[in-house]
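Quick note, the sequences are listed as chains A and B, same order. Heads up, the final residue of the first sequence is numbered 336 in this note's numbering, and it's a clean run with no missing numbers. Heads up, the final residue of the second sequence is numbered 672 in this note's numbering, and it's a clean run with no missing numbers.
There are 2 protein chains.
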Amino acid sequence: MAAATIKDVAREAKVSVASVSRALNDGRGVTAETSQRIREAATRLRYVPHAAARTLITRRTNTIGALLPDLYGEFFSELIRGIDLAARARGLHLLVSSSHDDADAAAAALRAMQGRVDGLLLMSPHADAAFLQQNLPHGLPTVLMNTRLAGADYCALSVDNDGGARLMVEHLLALGHRRIVFIQGPPGNRDATERELGYREALTSHSPDSPVAMLRGDFSEDSGYRAGQQVLAMRPRPDAVFAANDMMAIGCMAALRDAGICVPEEIAIGGFDDVPMARYVTPPLTTVQVHIAELGGQAMELLGEQIDNPDSVMAGIHRRVTAQLVVRVSSGAPLV
Amino acid sequence: MAAATIKDVAREAKVSVASVSRALNDGRGVTAETSQRIREAATRLRYVPHAAARTLITRRTNTIGALLPDLYGEFFSELIRGIDLAARARGLHLLVSSSHDDADAAAAALRAMQGRVDGLLLMSPHADAAFLQQNLPHGLPTVLMNTRLAGADYCALSVDNDGGARLMVEHLLALGHRRIVFIQGPPGNRDATERELGYREALTSHSPDSPVAMLRGDFSEDSGYRAGQQVLAMRPRPDAVFAANDMMAIGCMAALRDAGICVPEEIAIGGFDDVPMARYVTPPLTTVQVHIAELGGQAMELLGEQIDNPDSVMAGIHRRVTAQLVVRVSSGAPLV
DNA sequence: ACTCTTTATGAAAACGATTACGTTGGCGCC
DNA sequence: GGCGCCAACGTAATCGTTTTCATAAAGAGT
């Protein structure tokens, strides 16, 4: 009742194990009729090659690992979906290890992946240069996702926060808004600082007269609400608010509503992320959308290339996935 | 530069490979000092046992597979989180394969898992008895999640939709509502029909005089909106609406608002799922929450037990994870 | 007809670990 | 002092596959 091995197939088809292997893999060096006989025997016995045995000799696991931090909600889903789809297209399996809050847990997980995978997709807030140097199995193809490491030693992929923020600011400027205030994310958060950078760049390059104004926030709805109250107190009052993420934009909108300010007529609002809720709030939120599945898929592509030709120098390659503007009511754009 | 093998460690510590294996595994049959020397040599060489080689001889992969359909949003995230956490606690790795829309893809994925995993977590809409009989590797521990298969041949785990729906109906009845209408989910959907069953049961057992009334829906917000319009046309008008999921409840609420009906003063509304948005809509939605991570975690527990003692007869065991009522404003409960 | 090449096939050596089984040496006990 | 026993350690078989090499047969070229 135990699973059939290649020997069983060989006996059944009255050939040697070598011929079975040849027939089932490249198919060369075996007569058509022998091959046929072998295939029949294999299906009859429901033969499936033993993955571990094959790995041992070929040095390939046909599996890639994804090491992720503790992620919530649809970001995680979409990321995995993108990775899984791209991996399946290459005939690779996906070993995931998520919810690594501290560096030690991540290091342990990394070590455990050793020898189980052909390549690694790594997204970790703890992944500084020393950590990688210490824990990353040397010679294992790796793609870094959304890390703060711009270093030339690894292949990396990240979201174009910068460009996305510029799109939003350009959009607000095009609508005639001039005094645009930015609600910051948590200090030290990479996405947040990149978005802030995009805001600054777009403003200074397209509208040098506009004041650069920041309010503190931490990505939470509450912090957005408090920022909204500060907006009300500013003189002259801003035309528009650009929050570093949607939840703060939603919080800010609530503060404005509570004060009797109309959005977008009196103040326009923009967010970032396009969370599912964004289209349901009133008014629907103009925001910047990032195709997360594409982030995962492209990372997988990059990794696939590294695996297929290990000699190619892909270290230092750094790609970005683009962000799109999603125009809804909150920015005050004329409905076409 | 290649990874160190057990032979390298043996040479380094001047012992045989057998002693290395003993020292690093159970540790018995080796002197404390020899063991010490071996450990040092191992860390010096950064030795990590080759997973495939170990699997080949021990017949254990220390990996479990999760075969999932195409899931969206936080359901997937939470499920994986629950599974991953429980698996890690047992020292198991997690191989995921998701987005299987059709039965053929699922079957192929199932075959590919063969020999790569010690057990299987399976959630598939295509998993009828014949499919399982055909494709499930015989003798592989398996836990079915949320399948319509109540059969005694497998170990299964599912959400207590029935009980959750009863909680909601009892809540609405306790608030004095008597004419409660139910918005159905897609026909054939197991969750939807179980929720409907719970609604019927609770109503007939706690308030036999209340009419059982259904409106068609398909889990989409639009279908909820249409159902809301039908609610408005009903005479006598219902006290309350219980939608089979949150999105329909939200759609229904929009229809009532558009007609100038106040929620919850004129009509109370309840949903199911507790999507993140539920707390942000106005008024915040009373709903039924299922701890999805727990579903994943418990499934993993069940699977773990099967793996640890393969002789135990766990087939036919069928557990349910409970649902909780989340009371918010939309049902009209007095704010305490 | 003889060699030379090509092709189908089988035998056997890897891959890196675990583990059953021998061997050795030290110790206690009579 | 001889016997047996036990702990520590080594030797070698084993898991299921791929792949190199050898071998034999067959076909081609002269």
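By construction, the Cβ of each residue, glycine as well, lies at the ideal position given by its N, Cα and C atoms. Remember, predicted model here, so these are calculated numbers, not experimental data.
Thinking just about the alpha-carbon of each residue, which of the options is nearest to the one in residue i?
{"i": "residue 548 of chain B", "options": "B:558, B:523, B:574, B:561", "result": "B:574"}
{"i": "residue 267 of chain A", "options": "A:253, A:161, A:273", "result": "A:253"}
{"i": "residue 463 of chain B", "options": "B:606, B:449, B:436, B:448", "result": "B:436"}
{"i": "residue 226 of chain A", "options": "A:184, A:286, A:204", "result": "A:184"}
{"i": "residue 80 of chain A", "options": "A:198, A:132, A:300", "result": "A:300"}
{"i": "residue 256 of chain A", "options": "A:278, A:92, A:282, A:272", "result": "A:282"}
{"i": "residue 518 of chain B", "options": "B:527, B:567, B:471, B:489", "result": "B:567"}
{"i": "residue 599 of chain B", "options": "B:440, B:492, B:667", "result": "B:667"}
{"i": "residue 315 of chain A", "options": "A:57, A:196, A:141", "result": "A:141"}
{"i": "residue 400 of chain B", "options": "B:392, B:420, B:412, B:628", "result": "B:420"}
{"i": "residue 481 of chain B", "options": "B:630, B:386, B:669", "result": "B:630"}
{"i": "residue 201 of chain A", "options": "A:305, A:164, A:40, A:224", "result": "A:164"}
{"i": "residue 533 of chain B", "options": "B:363, B:502, B:377", "result": "B:502"}
{"i": "residue 428 of chain B", "options": "A:90, A:97, A:88, A:91", "result": "A:97"}
{"i": "residue 9 of chain A", "options": "A:21, A:2, A:42", "result": "A:42"}
{"i": "residue 220 of chain A", "options": "A:325, A:186, A:30", "result": "A:186"}
{"i": "residue 569 of chain B", "options": "B:654, B:551, B:385", "result": "B:551"}
{"i": "residue 33 of chain A", "options": "A:14, A:55, A:56", "result": "A:14"}
{"i": "residue 309 of chain A", "options": "A:319, A:139, A:132, A:31", "result": "A:139"}
{"i": "residue 407 of chain B", "options": "B:424, B:453, B:372, B:459", "result": "B:459"}
{"i": "residue 17 of chain A", "options": "A:26, A:6, A:27", "result": "A:6"}
{"i": "residue 655 of chain B", "options": "B:587, B:483, B:395", "result": "B:483"}
{"i": "residue 88 of chain A", "options": "B:386, B:647, B:448, B:425", "result": "B:448"}
{"i": "residue 339 of chain B", "options": "B:442, B:385, B:661", "result": "B:385"}
{"i": "residue 177 of chain A", "options": "A:261, A:265, A:102, A:22", "result": "A:265"}
{"i": "residue 396 of chain B", "options": "B:426, B:412, B:453, B:356", "result": "B:453"}
{"i": "residue 376 of chain B", "options": "B:356, B:558, B:524, B:660", "result": "B:356"}
Less than 9 Å separating the beta-carbons of residue i and residue j?
{"i": "residue 246 of chain A", "j": "residue 218 of chain A", "result": "no"}
{"i": "residue 564 of chain B", "j": "residue 528 of chain B", "result": "no"}
{"i": "residue 277 of chain A", "j": "residue 383 of chain B", "result": "no"}
{"i": "residue 289 of chain A", "j": "residue 86 of chain A", "result": "no"}
{"i": "residue 235 of chain A", "j": "residue 287 of chain A", "result": "no"}
{"i": "residue 208 of chain A", "j": "residue 125 of chain A", "result": "no"}
{"i": "residue 304 of chain A", "j": "residue 78 of chain A", "result": "no"}
{"i": "residue 169 of chain A", "j": "residue 242 of chain A", "result": "yes"}
{"i": "residue 45 of chain A", "j": "residue 74 of chain A", "result": "no"}
{"i": "residue 162 of chain A", "j": "residue 129 of chain A", "result": "no"}
How close, in whole Å, do the beta carbons of residue i and residue j come, if the pair is a contact with beta carbons under 8 Å?
{"i": "residue 119 of chain A", "j": "residue 307 of chain A", "result": "5 Å"}
{"i": "residue 338 of chain A", "j": "residue 82 of chain A", "result": "No information on residue 338 of chain A is available, as it lies outside the stretch 1 to 336 that chain A covers here."}
{"i": "residue 576 of chain B", "j": "residue 508 of chain B", "result": "5 Å"}
{"i": "residue 479 of chain B", "j": "residue 493 of chain B", "result": "6 Å"}
{"i": "residue 110 of chain A", "j": "residue 136 of chain A", "result": "7 Å"}
{"i": "residue 55 of chain A", "j": "residue 388 of chain B", "result": "4 Å"}
{"i": "residue 66 of chain A", "j": "residue 121 of chain A", "result": "4 Å"}
{"i": "residue 160 of chain A", "j": "residue 321 of chain A", "result": "6 Å"}
{"i": "residue 179 of chain A", "j": "residue 205 of chain A", "result": "That belief does not hold up - the Cβ atoms of residue 179 of chain A and residue 205 of chain A are roughly 17 Å apart, past 8 Å."}
{"i": "residue 244 of chain A", "j": "residue 195 of chain A", "result": "5 Å"}
{"i": "residue 250 of chain A", "j": "residue 224 of chain A", "result": "6 Å"}
{"i": "residue 203 of chain A", "j": "residue 333 of chain A", "result": "Not a contact, Cβ separation roughly 19 Å."}
{"i": "residue 317 of chain A", "j": "residue 155 of chain A", "result": "5 Å"}
Check the Cβ of residue i against every Cβ in chain A and list those closer than 8 Å, keeping chain order.
{"i": "residue 451 of chain B", "result": "3, 48, 49, 50, 51, 52"}
{"i": "residue 407 of chain B", "result": "77"}
From the DSSP secondary-structure annotation, give me the bridge partner or partners of residue i.
{"i": "residue 145 of chain A", "result": "A:157"}
{"i": "residue 609 of chain B", "result": "B:625"}
{"i": "residue 97 of chain A", "result": "A:67"}
{"i": "residue 518 of chain B", "result": "B:550, B:578"}
{"i": "residue 654 of chain B", "result": "B:492"}
{"i": "residue 604 of chain B", "result": "B:576"}
{"i": "residue 165 of chain A", "result": "None, per the DSSP bridge assignment."}
Given that residue i touches chain B, what residues does it touch there, using C-beta distances under 8 Å?
{"i": "residue 80 of chain A", "result": "412, 416, 432, 434"}
{"i": "residue 206 of chain A", "result": "Near residue 206 of chain A there are no residues of chain B at all, since even the closest Cβ is about 33 Å away, more than 8 Å."}
Chain A partners of residue i, CB-CB under 7 Å?
{"i": "residue 447 of chain B", "result": "48"}
{"i": "residue 462 of chain B", "result": "Going along chain A, no residue has its Cβ under 7 Å from residue 462 of chain B, so there is no contact; the nearest lies around 17 Å."}
For residue i, return the contacting residues in chain B, with the cut-off set at a CB-CB distance below 7 Å.
{"i": "residue 55 of chain A", "result": "388"}
{"i": "residue 300 of chain A", "result": "By Cβ distance, chain B contributes nothing, its closest Cβ being about 14 Å from residue 300 of chain A, past 7 Å."}
{"i": "residue 85 of chain A", "result": "435"}
I want to verify the contact list: residues of chain A whose CB lies under 9 Å from the CB of residue i, in sequence order.
{"i": "residue 616 of chain B", "result": "221, 250, 277, 280, 281"}
For the ligand GTP, any of its heavy atoms closer than 8 Å to the Cβ of residue i?
{"i": "residue 614 of chain B", "result": "No copy of the ligand GTP appears in this structure; indeed no ligand is present at all."}
Check the Cβ of residue i against every Cβ in chain B and list those closer than 9 Å, keeping chain order.
{"i": "residue 171 of chain A", "result": "In chain order: nothing, as chain B lies at least about 24 Å away."}
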